[in-house]
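Working notes for the structure below.
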Amino acid sequence: MATSHVDPYQRSQDARRRVLEMAVSLREDRGGGSVDHFLALLQDRLPSWLSMLHDLSHRIGKGSVADNLHPIARAGIQYYIDVQSAALPAFTSPNVTVRFRQAVRDTGLGPWTETAPLAAYLAAEQRIGRVRADADPEATARLLIAGCFHRAYVEMFVGADTCPSREASAREVVRELRLEPAPSAPAAV
Numbered sequence: 031m032a033t034s035h036v037d038p039y040q041r042s043q044d045a046r047r048r049v050l051e052m053a054v055s056l057r058e059d060r061g062g063g064s065v066d067h068f069l070a071l072l073q074d075r076l077p078s079w080l081s082m083l084h085d086l087s088h089r090i091g092k093g094s095v096a097d098n099l100h101p102i103a104r105a106g107i108q109y110y111i112d113v114q115s116a117a118l119p120a121f122t123s124p125n126v127t128v129r130f131r132q133a134v135r136d137t138g139l140g141p142w143t144e145t146a147p148l149a150a151y152l153a154a155e156q157r158i159g160r161v162r163a164d165a166d167p168e169a170t171a172r173l174l175i176a177g178c179f180h181r182a183y184v185e186m187f188v189g190a191d192t193c194p195s196r197e198a199s200a201r202e203v204v205r206e207l208r209l210e211p212a213p214s215a216p217a218a219v
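Numbers in my numbering are just positions in the sequence shown, counted from 1, shifted up by 30.
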């Protein structure tokens, strides 16, 4: 899978434009200020989050894979805490939810916008032997995102004091992906 080398500024502007397109399509069944707040927050946070994911392509073959993914997991936890807390009150109306789903489809801002650059990075690292050969880059990307989402969910609903710190959680998410290739057996003498 080839990694995109689009200008980061252009990529951020494109993400902002697509969020604005979503806002326009949600105008009819607006849930009030909560939808506006959610879309404003998404317009602010999503471009930075996507840019960070795309920037992984510059880390291929550098540092350790775990060290490269750790800041991604940490940022993912923060991103989901910010965005989920604004999304909950925005989607109390089934009409808004249905229109939002359609807007996501129409603008191409679905979950693949997060997993694609992460999976591309993992596949590239796998090709040079830094990720286990039997790892599925797409599934691994989804698992990393899911771990961040879950950690944010627990903090929002149960409280930060009921789970490991964000830093520890980010390290756990990356570690438990178990991406490092198995060490080679020493040569027999």
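Ideal Cβ placement from N, Cα and C applies to all residues, glycine included.
Where does residue i fall in DSSP's three states?
i, result
"V203", "helix"
"A212", "coil"
"G177", "helix"
"A32", "Low local confidence applies: a pLDDT of 46 at A32 is under 50, so the model's placement there is unreliable, with the coordinate-based value given in what follows. The answer is coil: DSSP assigns A32 none of H, G, I, E or B."
"G63", "helix"
"A133", "helix"
Report the CB separation of residue i from residue j in whole angstroms; it is logged as a contact under 8 Å.
i, j, result
"A165", "L209", "6 Å"
"R162", "P211", "5 Å"
"I111", "A200", "Going by Cβ atoms, the distance from I111 to A200 rounds to 12 Å, so no, they are not a contact pair."
"L86", "N98", "6 Å"
"A105", "F68", "Not a contact, Cβ separation roughly 19 Å."
"R48", "T137", "4 Å"
Which one of the options has the shortest CA to CA distance from residue i?
i, options, result
"S64", "R181, S123 and A96", "S123"
"V126", "D66, R41 and T192", "D66"
"D74", "A45, R196 and E197", "A45"
"W142", "L152, A120 and A171", "A171"
"Y226", "P211, D97 and E185", "Residue 226 cannot be examined here, being either before or after the span of the chain that is shown, 31 to 219."
"L83", "H180, C193, E206 and I175", "I175"
"L118", "D136, G140 and L72", "L72"
"H180", "P167, R196, A169 and E168", "R196"
"L173", "Q132, Q114 and L207", "L207"
"A70", "G140, A120 and S94", "A120"
Are the region 144-162 and the region 85-92 touching by the rule of at least three beta carbon pairs closer than 8 Å? With the cut-off at 8 Å, the region 144-162 and the region 85-92 touch.
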